[in-house]
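A.B. asks:
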Amino acid sequence: MSILLIVLFISLSLLNNLNKLIICAALVTVAALVVNLIVEFYGKRKAMYGLITCTLLCCILKWQDFSLMILTSYTAVLVSLFSSIIFFEKLESKFGFHITNFITLITVSVIDSTVMYFGLLYKFSVDKCLSICIRDLALKFSYASMLSICLFVAAHLFYLAKRKYTKLYA
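FYI, in the numbering used here the residues of the sequence shown are 3 to 172.
So this is what it looks like as structure tokens:
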């Protein structure tokens with residue numbers, strides 16, 4: 003679990019150190035995947051504690067430069083990743099990991115982009131915020147799709163290799 007928490011902490015801490023939308027969208031998607039993996043392997047409680055701990059540590063490290071934009075960013079991440087934890091836990095028994103992961107990645111994308119849209123309204127015009135939000139959603143949707151396809155293919159290849167290996171030595 004410690005490796006997953008380290009990846010979560012790194013993605014959350016880099017989130018407010020970079021200003022490129024393409025990288026920030028990727029970091030949010032990675033954070034959502036990590037949280038889903040923690041829920042899958044360790045449960046909802048550890049995922050929530052890990053998310054809160056990593057977010058608080060990131061806020062403490064950014065204390066000198068703390069601004070409304072950073073607060074909005076961490077609020078968006080917390081709200082979206084908490085919803086991911088809740089949705090993942092409820093949907094996983096019905097659909098399995100791969101479909102549930104994809105659904106929660108899309109949900110995180112929508113919630114995070116929506117909260118960031120409202121947070122950006124104090125700084126930019128409505129048109130500019132909407133443009134940023136649409137680009138952000140498109141990037142997150144494409145990252146979620148690519149990540150889900152890669153995970154599914156890797157799991158399927160692992161399954162085939164395992165099946166072939168057990169046939170050879172059984």
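All residues carry an ideal CB built from backbone N, CA and C; glycine is no exception.
Between residue 89 and the rest of its own chain, which residues show a CB-CB distance below 6 Å, the 5 nearest in sequence each way excluded?
C.D. replies: Excluding residues within five positions, the ones whose Cβ falls inside 6 Å are 106, 109.
A.B. asks: Excluding the 5 residues preceding and the 5 following residue 123 in the sequence, name in chain order all residues of the same chain whose CB lies nearer than 8 Å to its CB.
C.D. replies: 131, listed in sequence order.
A.B. asks: Using a Cβ-based criterion (distance less than 7 Å to any ligand heavy atom), does residue 93 qualify as near the ligand MN?
C.D. replies: Looking at this structure, you won't find the ligand MN or any other ligand, since it has none at all.
A.B. asks: Hey, how far is the Cα of residue 113 from the Cα of residue 155?
C.D. replies: If I take the Cα positions, the gap works out to 27 Å.
A.B. asks: Assign residue 52 to one of two classes, buried (16 or more other C-beta atoms within 10 Å of its C-beta) or exposed (fewer than that).
C.D. replies: Buried, since its Cβ has 16 or more Cβ neighbours within 10 Å.
A.B. asks: Count the other C-beta atoms from every protein chain shown that fall within 10 angstroms of the C-beta of residue 138, then say buried if there are 16 or more, exposed otherwise.
C.D. replies: Looking at its Cβ environment, which holds 16 or more other Cβ atoms inside 10 Å, residue 138 is buried.
A.B. asks: Within this structure, are the beta carbons of residue 86 and residue 34 separated by less than 8 Å?
C.D. replies: Going by C-beta atoms, residue 86 is nearer than 8 Å to residue 34.
A.B. asks: Can you find the residues in the same chain that come closer than 7 Å, C-beta to C-beta, to residue 16, ignoring five residues on each side of it along the sequence?
C.D. replies: Closer than 7 Å at the Cβ level, and outside the excluded window around residue 16, lie 29.
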